[in-house]
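Participant:
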Amino acid sequence: MPPVAWRVSDALVGYEAAEAEMEARAAAIARGEADELVWLLEHPPLYTAGTSAKSADLVEPERFPVHRTGRGGQYTYHGPGQRIAYVMLDLNRRKPDLRAYVASLEAWLIATLDAYNVRAERREDRVGVWVRRPEKGEVNGVCVEDKIAAIGIRVRRWVSLHGISLNVEPDLSHFSGIVPCGVREHGVTSLADLGRIVSLPEVDMALRAAFEPIFGPTRDEA
1 MPPVAWRVSD ALVGYEAAEA EMEARAAAIA RGEADELVWL LEHPPLYTAG TSAKSADLVE
61 PERFPVHRTG RGGQYTYHGP GQRIAYVMLD LNRRKPDLRA YVASLEAWLI ATLDAYNVRA
121 ERREDRVGVW VRRPEKGEVN GVCVEDKIAA IGIRVRRWVS LHGISLNVEP DLSHFSGIVP
181 CGVREHGVTS LADLGRIVSL PEVDMALRAA FEPIFGPTRD EA
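Under full-length UniProt numbering, the letters of the sequence shown match residues 1 to 222, in that order.
1) Relative to the alpha-carbon of residue 75, which residue among 66, 189, 119 has its alpha-carbon at the smallest distance?
2) Mark residue 103 as exposed unless 16 or more other C-beta atoms lie within 10 angstroms of its C-beta, in which case mark it buried.
3) What does a CB cutoff of less than 8 Å around residue 96 pick up in its chain, not counting 5 residues either side in sequence?
4) What did DSSP end up calling residue 238 once you bin it into helix, strand or coil?
5) What are the boundary residues of the beta strand (DSSP E) that includes residue 153?
6) Quick one: Cα of residue 214 to Cα of residue 88, how far?
7) So, residue 307 versus residue 132, is the Cβ gap smaller than 8 Å?
8) Using DSSP's beta-bridge definition, name the partner residues of residue 90.
9) Is the stretch 112-124 touching the stretch 54-63 in the sense that three or more CB pairs, one from each, lie closer than 8 Å?
10) Quick check: residue 16 and residue 161, are their CB atoms within less than 8 Å of each other?
11) So, residue 71 versus residue 187, is the Cβ gap smaller than 8 Å?
12) How far does the beta strand (DSSP E) with residue 112 in it reach, from first residue to last?
13) Could you pull out every residue in the same chain whose Cβ sits closer than 7 Å to the Cβ of residue 128, ignoring the five residues on either side in sequence?
14) Between the alpha carbons of residue 177 and residue 191, how many angstroms are there, rounded?
15) Report the three-state DSSP secondary structure of residue 25 (helix, strand or coil).
16) Where do the ends of the beta strand (DSSP E) carrying residue 220 lie?
17) Grab me the residues of residue 143's own chain with a C-beta within less than 6 Å of its C-beta, minus the 5 sequence neighbours each way, in chain order.
18) Taking the alpha-carbon positions, what's the residue 197 to residue 116 distance?
19) Would residue 90 be called buried (16 or more neighbouring beta carbons within 10 Å of its own) or exposed?
20) Hey, could you find the ends of the alpha helix (DSSP H) residue 121 is sitting in?
21) Using 8 Å for Cβ pairs, my map puts residue 45 next to residue 218. What's the rounded Cβ distance?
22) Considering only the alpha carbon of each residue, which of 47, 154, 212, 1 lies closest to residue 108?
23) By the 10 Å Cβ neighbour count, where 16 or more other Cβ atoms means buried, how is residue 222 classified, buried or exposed?
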């Protein structure tokens, strides 16, 4: 397979424009007319509702724009300081297995965070990547955990859409307008919240370095 194209947008990208671009690219990939793509970007502050979103989990519906989307999962927040990676891969040529694909995305995030000495973990009962926070105590005898990265995907003709969001230095108070991913027992964190002050370009380099051993080589998009 050709290397995966790698694109980074420096300016904030509106959600509807990004979704339209992603849909068009995924369709072209399915037709064999375009290479696979990973697109790194930031959105302005907004909430997205996945196919399993529950209205009770939208705590402050007037706070930011709410976008209904076809990805799996529930409510999530996107905004500045959060690195989004929209991942458009041809799973039919790779491995048409959604569980394996989600596990690969989790492994990618865990390896990226390991570069900053952050031990992130996956959980069988909730999607995303989690960090133990023993300094916050326990809930029902279980160590408090915070989500540092979310995963939400959709597949059309076995080409993946949507992807991951990694909290680098977003305003964590913005998450309070929703119940993130429907999980009430745990919170959210970021690299900055954990004391790792890094820039988005640095995180982009770590993401790319961790991506290639799992998904294969990349190339800068022309």
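The beta-carbon is built from N, C-alpha and C at its ideal position, and this holds for glycine as well.
Note that this is a predicted model, so its numbers are computed, not measured.
Facilitator: By the coordinates alone:
1) 66
2) By the Cβ-count criterion, residue 103 is exposed, with fewer than 16 other Cβ atoms from all chains shown falling within 10 Å of its own Cβ.
3) 158
4) The structure shown does not extend to residue 238, since the chain is modelled only from 1 to 222, so the question has no answer here.
5) Secondary structure note for residue 153: its beta strand (DSSP E) is the uninterrupted segment 145-156.
6) 15 Å
7) As shown, the chain starts at 1 and ends at 222. That puts residue 307 outside it, with no answer to give.
8) Answer is 159.
9) Judged by Cβ distances under 8 Å, the stretch 54-63 makes no contact with the stretch 112-124, as fewer than three pairs qualify.
10) Taking 8 Å as the cut-off, the Cβ atoms of residue 16 and residue 161 do not count as close.
11) No; because the gap between Cβ atoms is not below 8 Å, this pair is not in contact.
12) Careful: residue 112 lies outside any beta strand (DSSP E), inside the alpha helix (DSSP H) at 98-114.
13) 147, 149, 150, 151, 181
14) 21 Å
15) helix
16) 218-220
17) 132, 134
18) 10 Å
19) buried
20) First-last for residue 121: 121-123, but that is the beta strand (DSSP E), not the alpha helix (DSSP H).
21) Residue 45 to residue 218, Cβ: 29 Å. No contact.
22) It is 212 whose Cα lies nearest to the Cα of residue 108.
23) So residue 222 counts as exposed.
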